[in-house]
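Q: Dropping the structure in here first, questions after.
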DNA sequence: GGACGGTGAAACTTCAGGTTGCCTC
DNA sequence: GAAGTTTCACCGTCC
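Numbering (my numbering), first residue to last: 8 to 502.
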């Protein structure tokens, strides 16, 4: 283990080139997706004698139309260099990981993704950034995370040693890194229960699963948790938990009964009375859905709202939750656009409390909903990357959460007897899954037909199963290809 | 004269990751 | 707070 002083310039590129010269591989850890891409690009420009034409081509074409990100990645890959972060398409990630294992790819510039989950060791782990942006400005990352990254150095089967290299930006930075990371101890682990959304979800699930049925049992449970161990102040923990119980009761997710109603005044704050808890039907379902009760209450209010509802209503309702965060932020240049969008949709927005409370967040939720709307109107990945700066991997992630929330809306609407909304929610959900307009839904139900083929068929005037049955096989083959044509016809015969 | 291209400084943005639900032939 | 990207003014060149 050693710390390098800065070279004249671009020490990271030099280290990467040196690694390749030694016929070894390296992982370079940086703190943002953009930096990962830029770093990979900078290194790849210095490489002359590697040419992975085929792999580069494969990586470029994982989507129907390549995005700028795909092109950038493909250019790097050609030279044996990759960038890797959560914004990549999953197929691309897989290709990079596999080809790093085989040794074809020499260097991966990555965000911490690669440190935790994946088993991708390399001769060198180069840790370029030890600070990361947080709500309190730039902060050193935890020692534990540093160890995760440094731990990628050395491949047990191939190398007898590994090198973990930190890049210091100055002499004083060098000192800091040495003290904090090389000599320092990992910090204590903190319970995540303390965050209120987690506490809310947890309390409801304890009651819904009948693990606890009374105030006494609830408090006993929390006293035994790691959280209480760290919290120490039991009185405060008590009041925090009781506040959550109060909220759950107000939202009618649990029912509370007092054995002795005379003593259950506010005077009994720290009296473990015989208050008993039971989850309502609604509360049970919310717990099963793993929803934060606060989110659930917001969704319920929205669904009950009497306003006319269009797709955007639902998309905004789910965009305005904690689960969808971080939301897409609104830039100066586009703020007028988003305001205009808001004006157009204002009458269909079910939850506009934040318009007055927290305007900036509200506008972000509008932009996020707008992004989802573009997606269900068949805008492709490159368009969304350019317009919203949302990368393919992030589209997948966001739409997946949105899908879960829409499913939750559907389940809630069912319990609330809001039957008239069910079919529109199902429709939005399906459109979100496939990224298609409503007119393609009948086609997309068939196996092997996604947004691209469905659009092609539709434009050839084949609009549903009936149309597919009517069209002759040769025309069908012409539209969707030889194999797919046969496949579809087969399915129609069986179904 | 004007279209084009290159350059650099200033202004502007953005900042890691990824569990939960249900379903499928 | 820092790195990366975009924008814009400025200058020189070529047709």
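Note that CB positions come from ideal geometry on N, CA and C, so glycine has one too. Everything numeric in this text was worked out from a predicted model, so none of it was measured.
Can you tell me where the alpha helix (DSSP H) with residue 43 in it begins and where it stops?
A: Sequence index remark: in the first chain, residue 43 carries index 36 (1-based). 40-51 is the span of the alpha helix (DSSP H), which, as asked, contains residue 43.
Q: Which of helix, strand or coil does DSSP assign to residue 492?
A: Looking up residue 492 in the first chain gives position 485. Residue 492 falls in the helix class under three-state DSSP.
Q: Can you have a look at residue 297 and say buried or exposed, based on whether 16 or more other CB atoms are within 10 angstroms of its CB?
A: In the first chain, the residue the question calls residue 297 occupies position 290. Flag for residue 297 reads exposed.
Q: To the nearest angstrom, how far is it from the Cα of residue 129 to the Cα of residue 444?
A: For the purposes of this step, residue 129 is taken as residue 122 along the first chain, with counting starting at 1. For the purposes of this step, residue 444 is taken as residue 437 along the first chain, with counting starting at 1. Roughly 45 Å between the two C-alpha positions.
Q: Put residue 148 into one of helix, strand or coil per three-state DSSP.
A: In the first chain, the residue the question calls residue 148 occupies position 141. Three-state result, residue 148: coil.
Q: So, with DSSP's three-state summary, where would you put residue 305?
A: Looking up residue 305 in the first chain gives position 298. Of the three classes helix, strand and coil, the one that applies to residue 305 here is helix, per DSSP.
Q: For the putative contact between residue 75 and residue 392, defined by C-beta atoms under 8 Å, what is the C-beta separation to the nearest angstrom?
A: Residue mapping note: residue 75 aligns to position 68 of the first chain, counting from 1. Residue mapping note: residue 392 aligns to position 385 of the first chain, counting from 1. Going by Cβ atoms, the distance from residue 75 to residue 392 rounds to 6 Å, so yes, they are a contact pair.
Q: Just grab the DSSP bridge partners of residue 221 for me.
A: Indexing the first chain from 1 puts residue 221 at position 214. Partner(s): 283.
Q: What residue range is occupied by the uninterrupted beta strand (DSSP E) comprising residue 375?
A: Here residue 375 refers to the residue found at position 368 of the first chain. Looking at the DSSP string, residue 375 is not in any beta strand (DSSP E); the run it does join, the alpha helix (DSSP H), is 366-383.
Q: Between the Cα of residue 429 and the Cα atoms of 418, 439, 438, which residue gives the shortest distance?
A: Position 422 of the first chain, counting from 1, holds the residue named residue 429. Taking only the C-alpha atoms, the option nearest residue 429 is 418.
Q: Do residue 234 and residue 201 have their beta-carbon atoms positioned less than 8 Å apart in this structure?
A: Along the first chain, read from residue 1 onward, the residue named residue 201 stands at position 194. Along the first chain, read from residue 1 onward, the residue named residue 234 stands at position 227. Taking 8 Å as the Cβ cut-off, residue 201 and residue 234 qualify as a contacting pair.
Q: According to DSSP, is residue 208 helix, strand or coil?
A: For the purposes of this step, residue 208 is identified with residue 201 of the first chain, where counting begins at 1. Helix.
Q: Does the region 171-178 come within contact of the region 301-318, defined as at least 3 CB pairs closer than 8 Å?
A: Flag = no, the region 171-178 and the region 301-318 do not touch.
Q: Under a three-way DSSP split, which group does residue 157 fall into?
A: Sequence index remark: in the first chain, residue 157 carries index 150 (1-based). Helix, per DSSP.
Q: On the three-state DSSP scale, how would you describe residue 175?
A: Position 168 of the first chain, counted from the first residue, corresponds to residue 175. The answer is coil: DSSP assigns residue 175 none of H, G, I, E or B.
Q: Please report the distance separating the alpha-carbon of residue 447 from that of residue 138.
A: Here residue 447 corresponds to residue number 440 of the first chain, with the count starting at 1. Here residue 138 corresponds to residue number 131 of the first chain, with the count starting at 1. Cα to Cα, residue 447 sits roughly 47 Å from residue 138.
Q: Strictly by DSSP, which residues pair up with residue 141?
A: The sequence position of residue 141 within the first chain is 134, counting from 1. Per DSSP, 144.
Q: How many Å lie between residue 413 and residue 23 at the Cα?
A: Translated into the one-based positions of the first chain, residue 413 becomes position 406. Translated into the one-based positions of the first chain, residue 23 becomes position 16. Distance between the alpha carbons of residue 413 and residue 23 is about 46 Å.
Q: Just to check my reading of the structure: residue 369 and residue 362 have Cβ atoms closer than 8 Å, yes? What is that Cβ distance to the nearest angstrom?
A: Against the first chain, residue 369 aligns to sequence position 362. Against the first chain, residue 362 aligns to sequence position 355. About 5 Å; that satisfies the 8 Å criterion.
Q: Smallest Cα separation from residue 197: which of 238, 424, 384, 115?
A: One-based indexing of the first chain puts residue 197 at position 190. Taking only the C-alpha atoms, the option nearest residue 197 is 238.
Q: State whether the region 214-232 contacts the region 309-318, with contact taken as three or more CB pairs (one from each stretch) at a distance under 8 Å.
A: No, the region 214-232 does not touch the region 309-318.
Q: Nearest to residue 172 by alpha carbon, out of 124, 57, 33?
A: By one-based count along the first chain, residue 172 stands at place 165. It is 33 whose Cα lies nearest to the Cα of residue 172.
Q: Are at least three pairs of beta-carbons, each pair with one atom in the region 332-346 and one in the region 384-391, less than 8 Å apart?
A: The region 332-346 is not in contact with the region 384-391.
Q: Taking 8 Å as the threshold (C-beta atoms), are residue 263 and residue 206 in contact?
A: Counting from one through the first chain, the residue named residue 206 turns up at place 199. Counting from one through the first chain, the residue named residue 263 turns up at place 256. No.
Q: Specify the secondary structure class of residue 259 as computed by DSSP and reduced to three states.
A: Residue mapping note: residue 259 aligns to position 252 of the first chain, counting from 1. Here residue 259 sits in coil by DSSP.
Q: Looking at the secondary structure, which residues open and close the beta strand (DSSP E) in which residue 131 lies?
A: The sequence position of residue 131 within the first chain is 124, counting from 1. Taken as a continuous stretch (DSSP letters only), the beta strand (DSSP E) holding residue 131 covers 131-134.
Q: Report yes or no: do the region 27-47 and the region 108-118 share at least 3 C-beta pairs separated by less than 8 Å?
A: With the cut-off at 8 Å, the region 27-47 and the region 108-118 touch.
Q: Among 60, 107, 478, 98, whose alpha-carbon lies nearest the alpha-carbon of residue 85?
A: Here residue 85 refers to the residue found at position 78 when the first chain is read from its first residue. Ranking 60, 107, 478, 98 by Cα distance to residue 85 puts 60 first.
Q: Note down, in chain order, each residue of its chain lying with its Cβ closer than 8 Å to the Cβ of residue 459, except the 5 sequence neighbours on either side.
A: Here residue 459 refers to the residue found at position 452 when the first chain is read from its first residue. The answer, listed in chain order, is 71.
Q: So which of 155, 295, 55, 80 has the shortest CA-CA distance to residue 415?
A: In the first chain, residue 415 corresponds to position 408, counting from 1. Nearest option by C-alpha distance: 295.
Q: May I ask you to report which of helix, strand or coil DSSP gives residue 427?
A: Numbered from 1 along the first chain, position 420 holds the residue referred to as residue 427. Of the three classes helix, strand and coil, the one that applies to residue 427 here is helix, per DSSP.
Q: Buried or exposed: which applies to residue 204, given that a residue is buried once 16 or more other Cβ atoms fall within 10 Å of its Cβ?
A: In the first chain, counting from the first residue as 1, residue 204 sits at position 197. Looking at its Cβ environment, which holds fewer than 16 other Cβ atoms inside 10 Å, residue 204 is exposed.
Q: Kindly list the residues whose CB is nearer than 7 Å to the CB of residue 168, restricted to its own chain and excluding five residues on each side of it in sequence; keep chain order.
A: Against the first chain, residue 168 aligns to sequence position 161. Excluding sequence neighbours, residue 168 sits near 161.
Q: Just curious, the beta strand (DSSP E) that residue 88 is in, first and last residue?
A: Taking the first chain and counting its residues from 1, one reaches residue 88 at position 81. Unbroken beta strand (DSSP E) run through residue 88: 88-91.
Q: By DSSP, does residue 23 sit in helix, in strand, or in coil?
A: Taking the first chain and counting its residues from 1, one reaches residue 23 at position 16. In this structure, residue 23 counts as helix in the three-state DSSP scheme.
Q: I'd like the list of long-range same chain contacts for residue 57, defined as Cβ closer than 6 Å, with 5 residues on each side in sequence excluded.
A: Position 50 of the first chain, counted from the first residue, corresponds to residue 57. The residues are 86, 87.
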